[in-house]
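Residue numbers (the working numbering), protein chains in the order written: chain Y, 1 to 553; chain D, 1001 to 1191.
Glycine residues also receive a C-beta, built at the ideal position from the N, C-alpha and C atoms.
Structure record follows, encoded as structure tokens.
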């Protein structure tokens, strides 16, 4: 007889790592199935390789990337060293309709995308959880800030978040480690904004899952810069650096890499899942694993794909629907009069943040919801020499010095849930393991486009207000998916007729299957979503364990 | 493992910034023969080496030759540029010689240093003129030699400043700064 695990967790990324830690610590023998390869930090992390040892000096082998990773290479982090943390697009196909590009950026390895993630951490507020209900869009979230706040506390205390408390209702403060410093230009912009916009629009240092002091056995950041290539000192949070070691510590974790989950095994007699079907990533043999509960943490689109391939959890007809991402790329750049005799030192893995100010206390006539700005300041480097006249000794001496201070705002806006944005199984295509692939049909709508336009207007307005010059507003045209904040394919709700999951991330139709990654989101807010996935995962794990104790699962 | 131990375990990346150590290596690099080139023929290579060293000469720090900029140009031509970009670069290189012969009666590498400087000033001004025209929305198609010089300058800067001498001796960029200071005097940077 095959062993029956107390819990099976599908995926070892940011959500799966949390599911593993919480379930193991609460006493469950837990099997974590990861589709990709194992990761050994000592040999796989590459953050300290000097640029001169890279064959293409950091520009990447773009011919090789275009051959096997034409989609993945669109992501800034898929660079000369970190491309190995992104999937091979030829092995992992999906389809999109003509004229609706969608960039699905994926990492299949232990740790998933938590290895290359952007590390920005912002709590949601009731402005976000109440929006659908107030505006009659999508379905109402079954939870409010009060339900998730203790779980934000719980995960943040473990993760270690650097940030500055600001006391804003739309962006609740967390449990912060010391904030990183602003640089000279950012301080000028912050002061100027305070003068012109008061508390309506503020600039704060980014809130990031990076340690500014030693924390729970992990070391403070040493400011080398390229976090997306790994971190041998475990200074930024990832599953590999933090949650999986904690799960392993309990003695109850079984981690199986190279385990591509095909589907959930469902017993129609009991109405419950009994385990999962797996294709071994290396041998391609079919395997089965048995578990009392299943946590799907495979990512928004992969978890939907697994459920669709299982033929379960879709009595609402909402499974795969309401695919969302954020919309990014409206903003402005400018030059700042900051001290010419000063500069910043070290590679700060963090930027600035301007919390949402649209539709917070005032109402915009052109759109609902809002956006936040990320970005930052800095001085130009030698790269400016390509567009300068001159050559020779004086030219070289000039480029040794830093250039003028610049500053940029880059907006991230909310996307609304719409049933016409969906994913489904493409019956004509399978991946390298014979598993039916997804067809993704998703496009931005009028509200998102209006947000994007407004970003460039307000960014330029703020730069003008703080005395910047050479201000250049911009709006860039990014396909959905590329923000890598995809959400919504198995939304939580209050009604089994219109949602896939209840308020505890539990499938309405299959009580012992939980989905706690981005699939569960009923709206996107405009904040980076990972910390919310973490909090919801920890909350759902606690619920599941209590329900098992009550013999309800 | 505490932070200090962790940094020690990194394999000594930080000591690469030692300037004496680096100077020894770059001297060695100047003496050693270059690697076999895959695209540039000897004459093309001589021209590339000369132009690169004129853009970033050896001063109080080593220059483009010591940083083996020509080897990176050869690599970019062979493995990074597409066929059209490579042909454009090499055609431009040939046109520099053609213009040089017309003006001074010799190939670029055969010219005196002042003549070479005059030729580069001419190209630099032409490239700047094209750039200004572009900014005003009046695109001018660059000639092959102008296109070559624009690309050559870009690649020379990349290859030099990302080389070991560029990073360690010219820019003093530590791989592991160890801290972040938001706003320090330039001369205190890294101290």
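ask   = residue 447 of chain Y lies in the alpha helix (DSSP H); which residues open and close that run?
value = To locate residue 447 of chain Y, count along the first chain from 1; it is residue 447. Start and end: 446-465.
request  = Let me know if residue 266 of chain Y comes out buried or exposed under the rule of 16 or more other beta-carbons within 10 Å of its beta-carbon.
outcome  = Sequence index remark: in the first chain, residue 266 of chain Y carries index 266 (1-based). The residue in question, residue 266 of chain Y, is buried, as its Cβ has 16 or more Cβ neighbours within 10 Å.
key: Whether residue 226 of chain Y touches residue 47 of chain Y by CB criterion (8 Å)   = By 1-based counting over the first chain, the position of residue 226 of chain Y is 226. By 1-based counting over the first chain, the position of residue 47 of chain Y is 47. Yes; because the gap between Cβ atoms is below 8 Å, this pair is in contact.
Segment limits, alpha helix (DSSP H) that includes residue 18 of chain Y = Residue 18 of chain Y sits at position 18 when you count from the first residue of the first chain. Segment 14-25, the alpha helix (DSSP H) holding residue 18 of chain Y.
message = Mapping the DSSP letters down to three states, classify residue 335 of chain Y as helix, strand or coil.
response = Within the first chain, numbered from 1, the residue matching residue 335 of chain Y stands at position 335. If DSSP states are grouped into helix, strand and coil, residue 335 of chain Y belongs with the strands.
query = Looking at the C-beta of residue 1057 of chain D, does it have a partner C-beta in chain Y at a distance below 8 Å?
reply = Residue 1057 of chain D sits at position 57 when you count from the first residue of the second chain. So, interface residue.
query = Among Y:307, Y:122, Y:322, Y:517, which one has its Cα closest to the Cα of residue 276 of chain Y?
reply = Along the first chain, one-based indexing puts residue 276 of chain Y at 276. Cα-wise, what sits closest to residue 276 of chain Y is Y:307.
inquiry  = Please report the straight-line C-alpha distance between residue 487 of chain Y and residue 1072 of chain D, rounded to a whole angstrom.
reply    = The residue given as residue 487 of chain Y occupies position 487 in the first chain. The residue given as residue 1072 of chain D occupies position 72 in the second chain. Taking the straight line joining both Cα atoms gives about 43 Å.
task = For my contact list, residue 294 of chain Y and residue 8 of chain Y are in at a C-beta cut-off of 8 Å; report their separation, rounded to the angstrom.
result = Within the first chain, the letter at position 294 stands for residue 294 of chain Y. Within the first chain, the letter at position 8 stands for residue 8 of chain Y. Contact flag correct, Cβ pair sits at about 5 Å.
request  = Would you check if the stretch 510-527 of chain Y and the stretch 472-488 of chain Y touch, i.e. whether three or more CB-CB distances between them fall below 8 Å?
outcome  = yes
inquiry  = Taking the alpha carbon of residue 23 of chain Y as the reference point, which residue from Y:329, Y:537, Y:147 has its own alpha carbon closest?
reply    = Translated into positions along the first chain, residue 23 of chain Y becomes position 23. The option with the nearest alpha carbon to residue 23 of chain Y is Y:537.
query = What's the call for residue 389 of chain Y, buried or exposed, on a 16-neighbour Cβ count within 10 Å?
reply = Mapped onto the first chain, residue 389 of chain Y falls at position 389. Exposed is the call here.
request  = Kindly give me the distance between the Cβ atoms of residue 278 of chain Y and residue 260 of chain Y, rounded to whole angstroms, as I take these residues to be in contact under 8 Å.
outcome  = As a first step, residue 278 of chain Y is located in the first chain; it is residue number 278 there, counting from the start. As a first step, residue 260 of chain Y is located in the first chain; it is residue number 260 there, counting from the start. Between residue 260 of chain Y and residue 278 of chain Y the Cβ distance is about 6 Å, and since that is below 8 Å, they are a contact.
message = Less than 6 Å between C-beta atoms, sequence neighbours within five positions excluded: which residues of the same chain meet that for residue 410 of chain Y?
response = For the purposes of this step, residue 410 of chain Y is taken as residue 410 along the first chain, with counting starting at 1. If we look at residue 410 of chain Y and ignore the five residues flanking it on each side, its Cβ neighbours are 331, 374, 375.
task = Report the neighbours of residue 1128 of chain D on chain B: residues whose CB is nearer than 7 Å to its CB, in chain order.
result = Judged by its chain identifiers, the structure shown contains no chain B, and its protein chains are Y and D.
request  = Check each candidate in Y:103, Y:543, Y:470 and name the one with the smallest Cα separation from residue 75 of chain Y.
outcome  = On the first chain, position 75 is the one that residue 75 of chain Y refers to. Nearest C-alpha to residue 75 of chain Y: Y:103.
request  = My understanding is that residue 243 of chain Y touches residue 35 of chain Y, with C-beta atoms under 8 Å, so please give their C-beta distance in whole angstroms.
outcome  = Within the first chain, numbered from 1, the residue matching residue 243 of chain Y stands at position 243. Within the first chain, numbered from 1, the residue matching residue 35 of chain Y stands at position 35. With a Cβ gap of about 18 Å, residue 243 of chain Y and residue 35 of chain Y do not count as contacting.
ask   = Who are the near neighbours of residue 114 of chain Y in its chain, counting only those whose CB is closer than 6 Å to its CB and skipping five residues on each side?
value = The sequence position of residue 114 of chain Y within the first chain is 114, counting from 1. The residues are 13, 14, 238, 239.
inquiry  = Given this structure, state the Cα-to-Cα distance separating residue 37 of chain Y from residue 1113 of chain D, to the nearest angstrom.
reply    = As a first step, residue 37 of chain Y must be located in the first chain, where it is residue number 37. As a first step, residue 1113 of chain D must be located in the second chain, where it is residue number 113. Those two C-alpha atoms are separated by around 57 Å.
key: Interface flag, residue 1079 of chain D vs chain Y, CB-CB below 8 Å   = Here residue 1079 of chain D is taken as the residue at index 79 of the second chain, counted from 1. Yes - at least one Cβ of chain Y is within 8 Å of the one on residue 1079 of chain D.
query = Using Cβ-Cβ distances below 9 Å, what residues of the stretch 1177-1188 of chain D are close to chain Y?
reply = 1177, 1178, 1179, 1180, 1181, 1182, 1183, 1184, 1185, 1186, 1187, 1188
inquiry  = What would DSSP say about residue 84 of chain Y, mapped onto helix, strand or coil?
reply    = Position 84 of the first chain holds residue 84 of chain Y. Helix.
query = Can you find a C-beta in chain Y that's less than 8 Å from the C-beta of residue 1175 of chain D?
reply = On the second chain, residue 1175 of chain D is found 175 positions in, with the first residue counted as 1. By this cut-off, residue 1175 of chain D is an interface position.
ask   = Name the chain Y residues that come within less than 8 Å of residue 1167 of chain D, Cβ to Cβ?
value = In the second chain, counting from the first residue as 1, residue 1167 of chain D sits at position 167. Near residue 1167 of chain D (Cβ distances below 8 Å), the residues of chain Y are 50, 51, 52.
ask   = According to a CB-to-CB cut-off of less than 9 Å, which residues of the stretch 385-415 of chain Y neighbour chain D?
value = 385, 386, 387, 388, 389, 390, 391, 392, 393, 395, 396, 397, 399, 400, 401, 402
ask   = Buried or exposed: which applies to residue 1082 of chain D, given that a residue is buried once 16 or more other Cβ atoms fall within 10 Å of its Cβ?
value = Reading the second chain from its first residue, position 82 is the one you call residue 1082 of chain D. When all chains shown are included, residue 1082 of chain D counts as exposed.
message = I'd like the list of long-range same chain contacts for residue 51 of chain Y, defined as Cβ closer than 6 Å, with 5 residues on each side in sequence excluded.
response = Indexing the first chain from 1 puts residue 51 of chain Y at position 51. Here the set comprises 57, 58.
ask   = Buried or exposed: residue 1139 of chain D, going by 16 or more other Cβ atoms within 10 Å of its Cβ?
value = The residue labelled residue 1139 of chain D in the question sits at position 139 within the second chain. By the 10 Å Cβ count, residue 1139 of chain D comes out exposed.
request  = Take residue 515 of chain Y as the anchor and find which of Y:498, Y:495, Y:541 has the nearest alpha-carbon.
outcome  = Locating residue 515 of chain Y in the first chain gives position 515, where the first residue counts as 1. With distances taken between Cα atoms, residue 515 of chain Y lies closest to Y:541.
request  = Apply the 10 Å Cβ neighbour rule to residue 1102 of chain D and answer buried if 16 or more other Cβ atoms are within range, or exposed otherwise.
outcome  = Along the second chain, one-based indexing puts residue 1102 of chain D at 102. Under this definition residue 1102 of chain D is an exposed residue.
query = Listed from N- to C-terminal order along the chain, which residues in the stretch 225-250 of chain Y have their beta-carbon within a distance smaller than 9 Å of any beta-carbon of chain D?
reply = 225, 232, 233, 234, 235
Residue from Y:272, Y:10, Y:529 whose Cα sits closest to the Cα of residue 255 of chain Y = Within the first chain, residue 255 of chain Y is the residue found at index 255, counting from 1. Taking only the C-alpha atoms, the option nearest residue 255 of chain Y is Y:10.
message = Check for me: the beta strand (DSSP E) holding residue 280 of chain Y runs from which residue to which?
response = Within the first chain, residue 280 of chain Y is the residue found at index 280, counting from 1. Residues 272-280.
request  = Grab me the residues of residue 1027 of chain D's own chain with a C-beta within less than 7 Å of its C-beta, minus the 5 sequence neighbours each way, in chain order.
outcome  = Residue 1027 of chain D sits at position 27 when you count from the first residue of the second chain. Confidence is the limiting factor: at residue 1027 of chain D the pLDDT is only 37, short of 50, which leaves the residue's position unreliable, though a coordinate-based value still follows. Once the five neighbours on either side are set aside, residue 1027 of chain D has no close Cβ partner at all.
message = My assumption, with CB atoms under 8 Å, is that residue 298 of chain Y sits in contact with residue 489 of chain Y. Please give the rounded CB distance.
response = The residue you call residue 298 of chain Y lines up with position 298 of the first chain. The residue you call residue 489 of chain Y lines up with position 489 of the first chain. About 11 Å separates the two Cβ atoms, so there is no contact after all.
task = Return the first residue and the last residue of the alpha helix (DSSP H) that residue 115 of chain Y is part of.
result = The residue labelled residue 115 of chain Y in the question sits at position 115 within the first chain. No alpha helix (DSSP H) contains residue 115 of chain Y, which DSSP labels as neither H nor E.
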